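In short: position in the sequence shown from 1, add 260, done, that's this note's numbering.
Think of the CB as a built atom: it goes at the ideal place given N, C-alpha and C, for glycine as much as any other residue.
Computed from a predicted structure; not experimentally measured.
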Amino acid sequence: MNRVGDGFNFSKDLVLKAGLMLSELKVAFKVENFNKSNMALLEQNWTEISSSLRLGVNLLSSFGFCSSTLKADSVLLPVAYYLHCRNLDANYLSHSKYASDRLLIRTWLIKTLLKSGIWGSGLDSLLTSFRSIIKNCNEERFPAPEITVFMAENGKSLRFEEEEMQSLLDMDYGNPRIFPLLSLLFPGHDFSHHFHVDHIFPKSRFTKSQLKKAGIDDDKKLEEWIDMANRVPNLQLLEGGQNNDKRQKMPHDWYRVMWPEPLAYVNHLQTLAIDSLPENINEFDDFYLRRRETLMSRLHLLLS
Numbered sequence: 261m262n263r264v265g266d267g268f269n270f271s272k273d274l275v276l277k278a279g280l281m282l283s284e285l286k287v288a289f290k291v292e293n294f295n296k297s298n299m300a301l302l303e304q305n306w307t308e309i310s311s312s313l314r315l316g317v318n319l320l321s322s323f324g325f326c327s328s329t330l331k332a333d334s335v336l337l338p339v340a341y342y343l344h345c346r347n348l349d350a351n352y353l354s355h356s357k358y359a360s361d362r363l364l365i366r367t368w369l370i371k372t373l374l375k376s377g378i379w380g381s382g383l384d385s386l387l388t389s390f391r392s393i394i395k396n397c398n399e400e401r402f403p404a405p406e407i408t409v410f411m412a413e414n415g416k417s418l419r420f421e422e423e424e425m426q427s428l429l430d431m432d433y434g435n436p437r438i439f440p441l442l443s444l445l446f447p448g449h450d451f452s453h454h455f456h457v458d459h460i461f462p463k464s465r466f467t468k469s470q471l472k473k474a475g476i477d478d479d480k481k482l483e484e485w486i487d488m489a490n491r492v493p494n495l496q497l498l499e500g501g502q503n504n505d506k507r508q509k510m511p512h513d514w515y516r517v518m519w520p521e522p523l524a525y526v527n528h529l530q531t532l533a534i535d536s537l538p539e540n541i542n543e544f545d546d547f548y549l550r551r552r553e554t555l556m557s558r559l560h561l562l563l564s
């Protein structure tokens, strides 16, 4: 299952823990939980367990996740348990009747990855409670609202404060939380295609020598711009082929080529939370601050 999509790195220990969870056994990874009777039960149920795990991994992949963007492998466990409880199959991945349910899972999952401290301490207790809530849900949907309420009551709220949202937008390129953040801010991508986190204004343009050539001479401003270039307001999700085509091109030039019709150009920029693109790098700070403000407004709607 680690070969699904762009690849994952799920450990054997996680797979065994999944076996315990899906077999309704104690989930703690302790020797006594792997006794003879429990192992016999795992072996008896392994075909169904394996099927649900693989379906869960395929679901995560359909959300665009892989080993480099999934910072907490344990998210697979409640998802796989839910799929197992409902006896769902591969139709779940694409059938329209499950679209709203997939969205419930995706939104909840992303929030748990963006919020610090969710998948750390107290994991066994958390998984046991998730299992109980999922098992006792009387509706054919992922019980994200019920799980979210439980989490808030037990010190793991998915509500984000202003400072937390500011910190999300200040993340540096390479942070594994950037992909889930951008996929939350900009839904609708078809992640059966490969997407990359891409700089809008090319990173290569933000060296002291390049900026000085563009007329940026103030030392403090140089340092600030070099830092800003790597942060979320200058990042986007771009399909692999487009990313290779864009490379070091300035965004104004590249988007004009990609969307030559004026209305299509403006509409596309709006989908990226960009009101306008400067023709040269000298106005980068204005672009950066405007887009940051727009992204913060979206985060308030999504996370507060």
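Taking the Cα of F446 as reference, the smallest distance to any Cα among Q304, A300, L482 and L562 is reached at L562. Membership of D430 in any beta strand (DSSP E) is not indicated, and neither H nor E is assigned to it by DSSP.
Assignment of alpha helix (DSSP H) within the region 490-529, counting only whole runs of 4 or more residues, yields 500-506 and 511-518 in chain order.
The C-beta of G279 has 16 or more other C-beta atoms within 10 Å across all chains shown, which makes the residue buried. Residue burial annotation: D513 is exposed, with fewer than 16 other C-beta atoms found within 10 angstroms of its C-beta.
Annotated three-state conformation of D458 is strand, per DSSP.
Per DSSP, reduced to three states, the secondary structure at G279 is helical. Taking C-beta atoms as the reference points, H456 and L498 count as a pair closer than 8 angstroms.
Of S334, K371 and S322, the smallest CA-CA separation from H355 is found for S322. Under the Cβ criterion (8 angstroms, minimum of three pairs), the region 450-468 counts as touching the region 482-491.
With respect to the C-alpha of I438, the residue from L495, F294, Y352 and S536 having the closest C-alpha is L495. Out of L301, G316, L319 and A404, the CA that lies nearest to the CA of S283 is found in L301.
Residue burial annotation: K272 is exposed, with fewer than 16 other C-beta atoms found within 10 angstroms of its C-beta. With respect to the C-alpha of L383, the residue from M518, M411 and C397 having the closest C-alpha is M411.
Spanning the alpha carbons of L315 and D478 requires a straight line of approximately 54 angstroms. When secondary structure is reduced to three states using DSSP, C397 falls in the coil class, being assigned neither helix nor strand. Take the alpha-carbon of A350 and the one of H449: they are about 20 angstroms apart.
Residues L364 and W368 of the same chain have their beta carbon placed closer than 6 angstroms to that of A404, with the five preceding and five following residues left out of the count.
Between K375 and F325, the gap from beta carbon to beta carbon reaches 8 angstroms or more.
In the assembly as shown, D546 is an exposed residue. Its beta-carbon has fewer than 16 other beta-carbons within 10 Å.
L374 carries a helical assignment under DSSP once its states are collapsed to helix, strand and coil. Here R263 is exposed, its C-beta having fewer than 16 other C-beta atoms within 10 Å. In this structure, the alpha-carbon of L386 lies about 23 angstroms from that of S564.
The beta carbons of L343 and L429 sit about 33 angstroms from each other, so the pair does not count as a contact at 8 angstroms. Restricted to the region 282-348, the alpha helix (DSSP H) segments that are unbroken, complete and at least 4 residues in length are 296-322 and 336-345, listed in chain order. In this structure, the beta-carbon distance from V492 to M431 falls below 8 angstroms.
Excluding residues up to 5 positions away in sequence, N293 lie with their Cβ nearer than 6 angstroms to the Cβ of K286 in the same chain. The three-state secondary structure of S464, taken from DSSP, is helix.
Contact between I378 and K416 holds: their C-beta atoms lie close to 6 angstroms from each other, under 8 angstroms. Taking 8 angstroms as the cut-off, the Cβ atoms of S312 and N269 do not count as close. Collapsing the DSSP output to three states places P447 in coil.
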